[in-house]
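Asker: Would you mind keeping the following structure in view while I ask a few things?
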Amino acid sequence: MLTKAWKEFHLSRLMLGTVQFGLPYGVANRTGQPDFRHVVDMLSAAIEGGVNCFDTAAAYGTSEDVLGRALDELGAANRVTIVTKVRALTPAELADPQAARIAIEKSVSESRQRLRLDCLPVVLFHREADATYQNVLAELKAKGWLRYYGVSCDNRPGPAARFVADEHFSALQIPANILDPRHPRSGVFQAAGQRDVAIFIRSVYLQGLLVMPDEDIPPALCDVLPARHRLALLAADAGMDLAELALRYMLSFDDVTCVLAGVETVAQVEHNLAMVNRGPLPTDLLSRIAPAIPELPETIVNPGLWPPRKVD
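Okay, structure coming up:
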């Protein structure tokens, strides 16, 4: 059991996503991968604004290395909490316990080196299937290589509910947003709160699909437009834009530990901080949102099913 450890961490409600630091990412990405000086500026602005947790992964290109270098330069590595993820196991590794052990140990060891940390605060399995080898992370925790471990879940609520009920896991990263509320409706957030399992929400903007201009939405995803327009009207009526509505919607769940937002510029960092500082949505607005959310097809709410992004 975690027994209030997350309260002791005093994590900020906003967690900064750093996949963009290591590779061009997201359907709405227009600036590409930022250079190192821009990364330092973004991290500095985030930390100054109260952000003390950052998300990365072994699979995010050079993200871990860039994040480790930048935090070291800022002298902030020991003042923040980094959540990273084990490299996804290959089918052959997944089928062979010894090969899986070697791969997981190697991934965690390399993450420690890239992030310049002897003990990683939080390590997640990047895929649900790999979590069958939680005993390997438990052993690495006993060795002092990491403090807590958990799982990065996919869009289906069922597995997340099982992981919350498993006493071995202390944290879950879950995709959820105003257009895909299946996880909060499933009761998994409340169950996590009761067991002191940290819930980190990703895909709050549905990888940018919620906030990009209508004309930039790929043809295969245009079925999202009617729902976006209804939500945009609610947002405008409440004196905010759709991005603010989406972010503050997820902040309205008490059992959510952090909401993750990726950034490409300092201006985006500052904008996200301003929205988070306005707090959860008022209850009357929340009551109007629920009837406006349709049940969208999996091909829209699951980025893993989107067509490949064209790179110019």
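According to my numbering, the sequence shown is numbered sequentially starting from 875. We put the CB at the ideal spot given by N, CA and C, even for glycine.
Nearest by alpha-carbon distance to Leu1084: which of Val940, Glu1002, Val1175 and Ile1073 is it?
Answerer: Val1175
Asker: Please determine if the region 928-945 and the region 1154-1164 are in contact, where contact requires at least 3 C-beta pairs separated by less than 8 Å.
Answerer: no
Asker: Could you give the distance in angstroms between the alpha-carbon of Leu1095 and the alpha-carbon of Arg1122?
Answerer: 24 Å
Asker: Measuring alpha carbon to alpha carbon, tell me which residue in Ala944, Arg1030 and Tyr1022 is nearest Arg1045.
Answerer: The sequence as given places Ala at residue 1045; Arg does not occur at that position. The candidate whose alpha carbon is nearest that of Ala1045 is Tyr1022.
Asker: Can you list, in chain order, the residues of its chain whose CB lies under 8 Å from that of Val914, leaving out five sequence neighbours each side?
Answerer: Ala944, Glu947 and Leu948
Asker: On the three-state DSSP scale, how would you describe Pro1058?
Answerer: In this structure, Pro1058 counts as helix in the three-state DSSP scheme.
Asker: Between which two residues does the alpha helix (DSSP H) holding Gly1082 run?
Answerer: Counting along the chain, Gly1082 falls outside any alpha helix (DSSP H), and DSSP gives it neither H nor E.
Asker: What three-state label does DSSP hand Ser937 in the structure shown?
Answerer: helix
Asker: Relative to the C-alpha of Ile1167, which candidate in Ala1120, Asn1146 and Thr1139 has its C-alpha closest?
Answerer: For Ile1167, the nearest C-alpha among the options comes from Ala1120.
Asker: Which residue marks the beginning of the alpha helix (DSSP H) containing Ala1148, and which one marks its end?
Answerer: Run containing Ala1148: Val1140 to Asn1151, per the alpha helix (DSSP H) assignment.
Asker: Decide if Thr892 is buried, meaning its Cβ has at least 16 other Cβ atoms within 10 Å, or exposed.
Answerer: By the Cβ-count criterion, Thr892 is buried, with 16 or more other Cβ atoms from all chains shown falling within 10 Å of its own Cβ.
Asker: Got a sec? Which residues, its chain only, sit under 8 Å from Ala902 by beta carbon, not counting five neighbours each side?
Answerer: Annotation note: pLDDT 45 at Ala902 (below 50); position unreliable, no value reported.
Asker: Run through the region 1088-1120 for me and flag every whole beta strand (DSSP E) of 3 or more residues, listed as ranges in chain order.
Answerer: Listed in chain order, nothing qualifies, since the region 1088-1120 has no complete beta strand (DSSP E) run of 3 or more residues.
Asker: Inspect the CB distances between the region 1057-1070 and the region 1026-1040 and report whether three or more fall short of 8 Å.
Answerer: For the pair of segments examined, the region 1057-1070 was found to touch the region 1026-1040: the number of CB pairs separated by less than 8 Å reaches three.
Asker: Quick one, are the C-beta atoms of His1000 and Ala932 less than 9 Å apart?
Answerer: If you check the CB distance, His1000 and Ala932 come in under 9 Å.
Asker: Apart from the five residues on each side of it in sequence, which residues of its chain come closer than 6 Å, Cβ to Cβ, to Pro995?
Answerer: Thr955, Ile956 and Arg1021
Asker: Determine the DSSP secondary structure at Arg990, reduced to helix, strand or coil.
Answerer: Coil at Arg990, not helix or strand.
Asker: Closest to Thr1157 by C-alpha separation, out of Phe1127, Ala1003 and Pro1093, would be which residue?
Answerer: Phe1127
Asker: For Lys1017, count neighbouring C-beta atoms within 10 Å of its own C-beta (all shown protein chains included) and say buried if the count is 16 or more, exposed if not.
Answerer: exposed
Asker: Over the uninterrupted alpha helix (DSSP H) stretch that includes Gln1008, give me the two end residues.
Answerer: Run containing Gln1008: Gln1008 to Ala1016, per the alpha helix (DSSP H) assignment.
Asker: If we ignore side chains and look at the alpha-carbon of each, how far apart do His1099 and Arg1056 end up?
Answerer: Contrary to the premise, residue 1099 reads as Leu rather than His in this sequence. Distance between the alpha carbons of Leu1099 and Arg1056 is about 19 Å.
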